[in-house]
Amino acid sequence: MKKIAIIFGGKSGEHEVSLVSASSIVKVINERSFEVIQIGITESGRWYTGENCLDKFKSKNLEGLTEIFISTDPERIGFIPENGGFIAVDVCFPVLHGPFGEDGTIQGLFEMMNVPYVGCGVLASSTAMDKLQCKAIWEAAGLPVVPYIGLGRSAWEKDSELVLREVKEKLKLPLFVKPANMGSSVGITKVKEWNDLKAAINEAANYDNRILIENGLNVREIECAILGNDDLVASPLGEIIVGGEFYDFNDKYVNGVSRSQIPAEISDDLSKRIKEMSIKAYRLLNCSGLSRVDSFIDKDTGDIFLNEINTLPGFTSISMYPKMMEAYGMSYHSLIERLIELAFERYEDRKKNRVNFNSGSDWFV
Ligand SMILES: Nc1ncnc2c1ncn2[C@@H]1O[C@H](COP(=O)(O)OP(=O)(O)O)[C@@H](O)[C@H]1O
Ligand SMILES: [Mg+2]
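Position one of the sequence shown corresponds to residue 15 (the numbering used here), numbered consecutively onward.
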């Protein structure tokens, strides 16, 4: 029986969200096909396993759990408990959102461990986590993105007046100011008056040294679930109908007034264009496994834009990604199984890559 490590918690602001996603996943994994090993990462970055690990993380009482360490021996794939022994695993499923989970760092660890893992690889994960990097890639390929300026924190600290002048020249109010490397709307401000721009940039600069300033449009927010490594499936689209000023942290997790609509009520033609654009966006970042691609429709002009891509989107059974896949015809349970299969397929494919190079020349001795 294959051993699957479900990894949750983590060193990000989305620690709690991760525990909710992991509960849904643990419930549906077929215990006849897989032995589940629950692994929790604390907010300070320690890894634990043991009986009822997920419940213990939820109650914040880790008593009775065992601290574990990663094995970097490529022949012994798994974890070493603090009190000795070995926990072998066949595949890892990182159910972690945000920094240290979705940004390529843990994916790099999996590569070093030589273990198959669910979702995107290192390059796709880290690129997708950085909103400026994604936009640069999509823009270069001719995909539509909302007009924006990328700003380095050091340039801002050096000459803020120059930056403010440049923004006024190139962009129009209202603006959205965002740290390049966050999620859950953290550090994002909608700016309606020029006087508020400075504070908004300072706020974003608290979270990242790369900042994005873009035109704020009057938008419909459309999402598409993409599944696959080479042959891709694009789900019917979903729409987030935002209740407040924008889809902010409060709306997402606290007392949200937003609701979702699957399938989104948009014309077949527009829907087809957004799906095609989402698939291109996924391929351009070299994604594998899954990602949720988020787009905007400008309500005033009807134009479409890519907004961002989430490589480990919220994954409770009522989250948008699984709901959109359900609308496609794939149950939550089958989706989880397919993701695990895709992890093994990607691992096998990567094994085809040669890792050493012998030129045949005696110049290299
Ligand atoms: N250019 C924009 N025009 C209008 N609304 C925007 C724009 N950019 C972001 N928003 C609003 O802010 C929310 C969060 O921004 P987003 O870029 O998706 O960051 P996050 O990674 O935190 O979800 C969006 O869901 C949307 O409601
Ligand atoms: Mg978003």
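From the three backbone atoms N, C-alpha and C, an ideal C-beta is built for every residue, glycine too. From a predicted model like this one, the values you see are computed outputs, not experimental measurements.
Less than 8 Å separates the beta-carbon of K206 from that of P188.
Of all alpha-carbon atoms in A138, V109 and N128, the one lying nearest the alpha-carbon of D117 is that of A138.
Contact between V132 and G303 holds, with the beta-carbon distance rounding to 6 Å and staying under 8 Å.
Taking the C-beta atoms as reference points, P108 is found nearer than 8 Å to I21. A check of alpha carbon separations from Y162 across G230, S305, T119 and S140 identifies G230 as the nearest. At least 8 Å separates the beta-carbon of V233 from that of D308. In this structure, DSSP gives E340 a helical state, which the three-state scheme calls helix. Of E89, E228, D244 and G92, the smallest CA-CA separation from N321 is found for E228.
Within the same chain, G252, R306, D308 and M334 come within 6 Å of E237 by CB-CB distance, once the 5 residues on both sides are set aside. For E125, no beta strand (DSSP E) run applies; the uninterrupted alpha helix (DSSP H) run containing it begins and ends at T119 to M127, by DSSP. At a cut-off of 7 Å, the beta-carbon of L231 counts as near ligand 1: some heavy atom of the ligand is closer than that. By DSSP's assignment, N97 forms no beta bridge with any residue.
For Q275, the beta-bridge partners assigned by DSSP are E253. T86 is classed as exposed because its beta carbon has fewer than 16 other beta carbons within 10 Å across all chains shown. In this structure, N300 is the residue among F329, I332, I350 and N300 with its C-alpha nearest to the C-alpha of I151.
The nearest non-hydrogen atom of ligand 1 is less than 7 Å from the C-beta of D308. Inter-residue distance for L349 and I43 is about 10 Å (C-alpha atoms, whole angstroms). Counting every other CB atom within 10 Å of its CB across the protein chains shown gives V103 a total of 16 or more, marking it as buried.
If only complete runs of 3 or more residues are kept, the stretch 167 to 197 shows the beta strand (DSSP E) at 189 to 193, in order along the chain. Its Cα nearest to that of D244, the residue D363 stands out among F48, D363 and T203. Rounded to the nearest whole angstrom, the C-alpha separation of L68 and L298 is 35 Å.
In this model, T325 and L110 are separated by some 10 Å (Cα to Cα).
Taking the C-beta atoms as reference points, S272 is found nearer than 8 Å to V256. Going by C-alpha positions, S249 is about 15 Å away from L353. With 16 or more other Cβ atoms inside 10 Å of its own Cβ, G112 counts as buried. By the 16-neighbour rule on beta-carbons within 10 angstroms, W208 is exposed. Cα atoms of Y261 and E235: separation of roughly 9 Å, rounded to the nearest angstrom. By the CB criterion at 8 Å, A214 and R167 fall outside the cutoff. In the three-state scheme derived from DSSP, where H, G and I count as helix and E and B as strand, T141 is classed as helix. With a contact defined as Cβ atoms closer than 8 Å, A341 and I276 qualify at about 5 Å.
Beta-bridge analysis with DSSP links R360 to no other residue. By the criterion of a C-beta distance shorter than 6 Å, F114 is surrounded in its chain by G24, K25 and S26, once the five residues flanking it on both sides are discounted. For S140, the number of other beta carbons within 10 angstroms of its own is at least 16, and it is reported as buried. V34 places its beta carbon 8 Å or farther from that of T315.
Look at R224 here: in three-state DSSP terms it is strand.
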